[in-house]
Ligand code: KIV
Ligand code: ZN
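Residue numbers (our numbering): 93 to 467.
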């Protein structure tokens, strides 16, 4: 397989902007600073700290993150308006994520403007942001539904007017990996970011396809937070690139689980138990065949070692458990059953499992005590 990734992929984390747009999520400046600090420690390159025009609290957050001396660029979302750009510059941001709608649907319905008016707004905003000393990432909203020739014109002239980077937004998650492979290469007038949403579950695959096609930066959020079904998740993308494509991302992967659980706590959005990489079940095994397999060689039923993302393997007992897993659990709890005792304990655990109950460590100890006393 030919893999066309560039030298190094950059990670632009938008947990604090698109992620905070998850309905119901609202972070204080102190919480944003805490998350930004973790993000920088983990190794993301750009932190989109919020939207300077949105509120006083947002500007406080941006200022706090910009002043914290983190090893990451502090970026803020702006519309193509001088007022937004002034607020971003005054809050101390290093860069602006300057967003203009580029599909006719958005241009006509949302903005009630023409393509020409949008071009003029975008290009003069780029020039203005440059005059305020900001790094500019010019972003096409709803780019996957735009006329691609028009998008190319917006981007090409945007770079001529001073944009440092570009961003292709798949705003409602309609881009496929195949289309990304075809439409990204003609847009590479400057380093290009890919910003995918997960409405149809394609966010990660499409992001990878866009990176393989020449995009150099991925927009991501911790836990895949974001509008509606969310954005491409940081932890899934990093591990997909490392495990499936053998890329060294430079991200401190062993910190990913801590970051994820902290963000879940601060945002109040719990992790789905079966979420890849960070969900409770991602490295948990119950069935006898699987548990026995991983106890002999973890790679039988695990694509990566849990320690690589700061986690531990868990074997839980239930009606699918076999005697090897039960014996290992009992030994950890200090029991040394003989063969007959072990067989009886396994049988009783299966009986409890058959009632539909979840089996706790306390249940296992109670069963072991009873069986081993009876013998
Ligand atoms: O998904 C999107 O189009 C966005 C833009 C506003 C940047 O988040
Ligand atoms: Zn978005």
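Where is the CB? At the ideal position from N, CA and C, for every residue including glycine.
All of these numbers come straight from a predicted model, not from anything done at the bench.
For the pair residue 361 and residue 112, the Cα-to-Cα distance works out to about 11 Å.
Exclusion of the five residues before and after residue 110 leaves 313, 318, 319 and 323 as the residues of its chain whose Cβ lies within less than 7 Å of its Cβ.
Distance from the Cα of residue 294 is smallest, within the candidate group 315, 321 and 196, for 321. With 6 Å as the limit between CB and the heavy atoms of ligand 1, the residues that fall short of it are 110, 191, 231, 233, 261, 263, 287 and 289. Distances from the alpha-carbon of residue 349 to those of 218, 401 and 328 put 401 closest. Look at residue 127 here: in three-state DSSP terms it is helix. Residue 230 is bridged by DSSP to 190 and 258. With at least 16 other beta carbons inside 10 angstroms of its own, residue 309 counts as buried.
The straight-line gap separating the alpha-carbon atoms of residue 325 and residue 367 is approximately 11 Å.
Contact check between the region 156-172 and the region 334-348: fewer than three CB pairs, one atom from each, fall below 8 Å, which does not count as touching. Per DSSP, residue 211 is one residue of the alpha helix (DSSP H) stretching across 207-223.
DSSP places residue 276 in no alpha helix (DSSP H); its state is neither H nor E.
Note that the region 146-155 does not touch the region 239-251; fewer than 3 beta-carbon pairs, one per stretch, sit closer than 8 Å.
When DSSP states are grouped into helix, strand and coil, residue 139 belongs to the strand group. In this structure, residue 140 sits near residue 106, with a CB-CB distance shorter than 7 Å. In the structure shown, the three-state DSSP call for residue 103 is strand. Sequence-distant partners of residue 261 (beyond 5 residues in either direction) whose C-beta falls short of 7 Å from its own C-beta, in its chain, are 231, 232, 233, 234, 235 and 287. Distance between residue 155 and residue 331, taken at the CA atoms: about 32 Å. Secondary structure remark: continuous alpha helix (DSSP H) runs of at least 4 residues inside the region 318-345, in chain order: 326-337.
Under the three-state reduction of DSSP, residue 427 is assigned to coil, being neither helix nor strand. By the 16-neighbour rule on beta-carbons within 10 angstroms, residue 142 is buried.
With a 10 Å radius around the Cβ and a threshold of 16 neighbouring Cβ atoms, residue 429 comes out buried. Beta-bridge analysis with DSSP links residue 157 to no other residue. For residue 285, the enclosing beta strand (DSSP E) starts and ends at 284-288. Residue 354 carries a helical assignment under DSSP once its states are collapsed to helix, strand and coil.
Counting along the chain, residue 120 sits inside no beta strand (DSSP E), nor does DSSP assign it H or E at all. With contacts defined as CB atoms closer than 7 Å, residue 269 and residue 301 qualify as a contacting pair. Taken atom to atom, the span from the alpha-carbon of residue 181 to that of residue 396 is near 43 Å.
In the three-state DSSP reduction, residue 412 falls in the coil class, being neither helix nor strand. CA-to-CA, the gap between residue 365 and residue 372 works out to about 5 Å. According to the DSSP secondary-structure assignment, residue 407 is paired through a beta bridge with 377. By the Cβ-count criterion, residue 381 is exposed, with fewer than 16 other Cβ atoms from all chains shown falling within 10 Å of its own Cβ.
Of the other Cβ atoms in all chains shown, fewer than 16 fall within 10 Å of the Cβ of residue 118; this residue is therefore exposed. Per DSSP, reduced to three states, the secondary structure at residue 168 is strand. Here the alpha carbon of residue 146 sits roughly 9 Å from the alpha carbon of residue 170. With 16 or more other CB atoms across the displayed protein chains lying within 10 angstroms of its CB, residue 341 is buried.
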